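In what follows, a structure is listed as structure tokens, so that the remarks can point back to it.
Numbering (the numbering used here), first residue to last: 4 to 253.
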């Protein structure tokens, strides 16, 4: 339990760091894009060389593949539902936007709750990531996945906190919100680690399911954001993140 709480705290402290930083400082879009790209590279490597191989080792390729596809499918369904909830707000903010529409839309959208939509999206990403981290502790401590989650939590919470501040939220309120998310995701790691009594095939499905959800979040959220904000450096940052994560795994 102590190890699970420790891993969860390390992974989730990035949410607090990002929340505090985004409440008082607004880095350039390129900086946040590069950070998101680096995080994407670390997650791709961790999934390909750490998490999914653990699932296959525990329960075989067929069950792991089923879990991976199921996890991606569930993420898509939930994320689509969240997008539909946020769509009316986004439509209001996009109407009449000019050449600086993206920055202006971010400001106006945040004032109508878009910052909280970002928080929901980050939490949706974080639950499968942290469940996977907790479940992986039953096989071996996954330092690469821990590092990948930390690297992804930081820029996501940073951007989310910036949106909330531009929407009129007080810094203390923003910090408390992201701190609460950090506590929830830390407990998620603990919950994932309680899979000690699971049969090997069930554990494999759970690991792969979480991995599929993370992979879907990469394709749907992290990498598109990194492309929009960080190009052309996003490609280089993704490669660096991949190599760093791979080196840690080996």
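Note that the Cβ used here is the ideal one computed from N, Cα and C, for glycine as well.
All figures in this text were calculated on a predicted structure; none of them were measured in a lab.
| query | Whose CA, out of 237, 206, 219 and 238, lies closest to the CA of residue 136? | reply | That would be 206, whose Cα lies nearest to the Cα of residue 136.
| message | Out of 150, 172, 221 and 46, which one is the CA nearest neighbour of residue 82? | response | When each option's Cα is compared against that of residue 82, the closest is 221.
| said: Only counting the same chain, and skipping five residues up and downstream in sequence, which positions put a Cβ closer than 6 Å to that of residue 232? | reply: Within the same chain, 32, 35 and 36 come within 6 Å of residue 232 by CB-CB distance, once the 5 residues on both sides are set aside.
| Same chain, Cβ closer than 6 Å to residue 17, five either side skipped, listed in chain order | So the list reads 153, 156 and 157, once near-sequence residues are dropped.
| query | Excluding the five sequence neighbours on either side, which residues of its own chain have a C-beta within less than 6 Å of the C-beta of residue 58, listed in chain order? | reply | Counting only Cβ-Cβ distances below 6 Å, and skipping sequence neighbours, we find 67, 207, 210 and 211.
| What three-state label does DSSP hand residue 113 in the structure shown? | Residue placement at residue 113 is flagged as unreliable, the pLDDT there being 41, under the threshold of 50; the coordinate-derived value follows with that caveat. DSSP places residue 113 in the helix class (H, G or I) of the three-state scheme.
| message | Can you list, in chain order, the residues of its chain with a C-beta nearer than 7 Å to that of residue 8? Leave out the 5 residues immediately preceding and following it. | response | Same-chain partners within the cutoff: 189 and 193.
| What is the DSSP secondary structure of residue 84, counted as helix, strand or coil? | Three-state DSSP puts residue 84 in a helix.
| query | Near residue 61, which residues of its chain fall below 6 Å by C-beta distance, leaving aside the five closest residues on each side in sequence? | reply | Excluding sequence neighbours, residue 61 sits near 203, 206 and 207.
| message | On the CB-based measure, 16 or more other CB atoms within 10 Å of its CB, does residue 86 come out buried or exposed? | response | By the neighbour-count rule (16 or more Cβ atoms within 10 Å), residue 86 is not buried but exposed.
| field | Identity of the residue in 148, 10, 26 and 72 nearest residue 169 by Cα | value | By alpha-carbon distance to residue 169, the top candidate from 148, 10, 26 and 72 is 26.
| Length of the line joining the Cα atoms of residue 179 and residue 161 | Taking C-alpha positions only, residue 179 is separated from residue 161 by approximately 14 Å.
| query | From residue 174 to residue 74, what does the alpha carbon distance come to, in whole angstroms? | reply | Approximately 35 Å, taken between the alpha carbons.
| request: Using 10 angstroms around the beta-carbon of residue 159, count the other beta-carbons present and answer buried if the total reaches 16, otherwise exposed. | output: Buried, by the Cβ-count rule.
| said: Suppose you measure from the CA of residue 171 to the CA of residue 21; what does that come to, to the nearest Å? | reply: The alpha-carbon atoms of residue 171 and residue 21 are separated by roughly 18 Å.
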